[in-house]
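**Q**
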Amino acid sequence: MRGWLRKDGIKALWFLAPSLIGFAIFYIIPFIMGIYESFTDSSLGGKFVGFDNYKEVLSSGSFHKASANTLLFTGISVPLLIMLSLLLAMLLNRSLYLRNWLRTSFVLPLVVPVASIVMFWQILFDWNGTLNAWLHYFHKERIDWMQSDWSMGIMVIMYIWKNLGYNIILFLAGLQSIPKDYYETAQIEGAGRMRQLFHITLIYLTPTMFFVILISIINSFKVFRETYLLAGEYPYDRIYMMQHYMNNMFFSLDIQKLTTAATLMVGCIVILVTGLLSIERRFREHLE
Numbered sequence: 001m002r003g004w005l006r007k008d009g010i011k012a013l014w015f016l017a018p019s020l021i022g023f024a025i026f027y028i029i030p031f032i033m034g035i036y037e038s039f040t041d042s043s044l045g046g047k048f049v050g051f052d053n054y055k056e057v058l059s060s061g062s063f064h065k066a067s068a069n070t071l072l073f074t075g076i077s078v079p080l081l082i083m084l085s086l087l088l089a090m091l092l093n094r095s096l097y098l099r100n101w102l103r104t105s106f107v108l109p110l111v112v113p114v115a116s117i118v119m120f121w122q123i124l125f126d127w128n129g130t131l132n133a134w135l136h137y138f139h140k141e142r143i144d145w146m147q148s149d150w151s152m153g154i155m156v157i158m159y160i161w162k163n164l165g166y167n168i169i170l171f172l173a174g175l176q177s178i179p180k181d182y183y184e185t186a187q188i189e190g191a192g193r194m195r196q197l198f199h200i201t202l203i204y205l206t207p208t209m210f211f212v213i214l215i216s217i218i219n220s221f222k223v224f225r226e227t228y229l230l231a232g233e234y235p236y237d238r239i240y241m242m243q244h245y246m247n248n249m250f251f252s253l254d255i256q257k258l259t260t261a262a263t264l265m266v267g268c269i270v271i272l273v274t275g276l277l278s279i280e281r282r283f284r285e286h287l288e
């Protein structure tokens with residue numbers, strides 16, 4: 001039996017070898033090299049400087065601004081996205097008129113190219129865009145939306161609009177996996193809709209909920225493309241994110257600060273993901 005498993009394992013490794021080699025070349029090795037670079041003072045033949053680069057980055061005002069804005073954006077957009085997508089998924093799980101059409105409309109932003117999405121939002125929020133045209137029509141002053149405090153709200157709305165459909169699909173799959181017998185039994189025992197929601201729906205949606213939270217947090221870091229195309233490499237202070245900071249370090253060829261910031265960001269993501277998985281595992285053990 002062990003010999004058979006060993007043979008199958010060797011065969012599997014041969015098939016996996018191209019993917020593993022590519023993953024190592026393009027992800028693992030560069031990441032390890034980046035960590036090494038963060039402890040040196042230059043890219044080629046640099047001298048080991050310990051944590052000096054980390055101290056410099058952590059004391060940088062630009063880094064503080066970027067990290068604070070990133071945390072604020074994630075803290076606002078992710079809870080709003082999860083609550084709204086769960087609510088819409090529960091509505092679409094019912095027998096509604098035009099339900100299939102609504103499902104398609106929510107998924108549509110997932111297949112639209114980024115350039116088209118940015119063009120749509122530029123038409124809305126440009127200085128000569130649709131919203132300012134309406135303000136001018138009603139004799140109001142125009143607003144430079146992307147260079148004002150409205151910019152953070154605009155990016156939150158764009159993020160929710162783009163990712164809403166994917167989360168709805170995940171929540172719908174989770175809702176449809178809950179046996180209907182549980183709801184019928186609860187109704188017979190006199191449980192109202194709120195009790196069914198908290199004691200059946202949310203309980204059995206927990207694995208899906210943790211996955212959706214994780215995916216939503218990861219997607220919140222991907223909003224840089226839209227922000228960059230809408231507001232440029234040096235946007236308004238409210239939407240200057242960690243990705244902007246790293247992008248500017250790259251173009252200024254300050255590789256040490258870039259790799260240091262990237263290492264810190266990856267470390268925070270790993271801690272966050274590990275914490276979420278640990279909470280989800282304990283919750284699942286509690287349910288069992």
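So the sequence shown is numbered by UniProt numbering: it starts at 1 and just counts up by one. Glycine included, C-beta positions come from ideal geometry on N, C-alpha and C. None of the values given here were measured: they were computed from a predicted structure.
Assuming A66 and M241 make a contact with CB atoms under 8 Å, what is their CB distance in whole Å?
**A** Between A66 and M241 the beta-carbon gap is near 6 Å, inside 8 Å, which marks them as a contact.
**Q** Could you have a look at F48 and say whether DSSP puts it in helix, strand or coil?
**A** strand
**Q** Excluding sequence positions up to five away, which residues of its chain have a Cβ less than 6 Å from the Cβ of D41?
**A** K47, V49
**Q** Applying the criterion that 16 or more other CB atoms from any shown protein chain within 10 Å of the CB defines a buried residue, is N163 buried or exposed?
**A** Under this definition N163 is a buried residue.
**Q** Give the range of the alpha helix (DSSP H) segment to which R195 is assigned.
**A** 193-196
**Q** At a cut-off of 7 Å, is M265 close to the ligand FAD when judged by its beta-carbon and the heavy atoms of the ligand?
**A** Only the bare structure without any ligand can be found here, which leaves the ligand FAD out of the picture.
**Q** Drop a sphere of 10 angstroms on the beta-carbon of W121, count the other beta-carbons inside from all chains shown, and report buried for 16 or more, exposed for fewer.
**A** buried
**Q** Roughly how many whole angstroms lie between the Cα atoms of V223 and F138?
**A** 33 Å
**Q** Can S216 and F73 be called in contact, C-beta distance under 8 Å?
**A** no
**Q** In whole angstroms, give me the CA-to-CA distance for M119 and A68.
**A** A direct Cα-to-Cα measurement between M119 and A68 gives close to 28 Å.
**Q** Mind reading off the beta-carbon distance from E226 to I117? Whole number of angstroms is fine, and I expect it under 8 Å.
**A** About 7 Å separates the beta carbons of E226 and I117, which is inside the 8 Å limit, making them a contact pair.
**Q** Output yes or no for whether 8 Å exceeds the beta carbon distance between I168 and L88.
**A** yes
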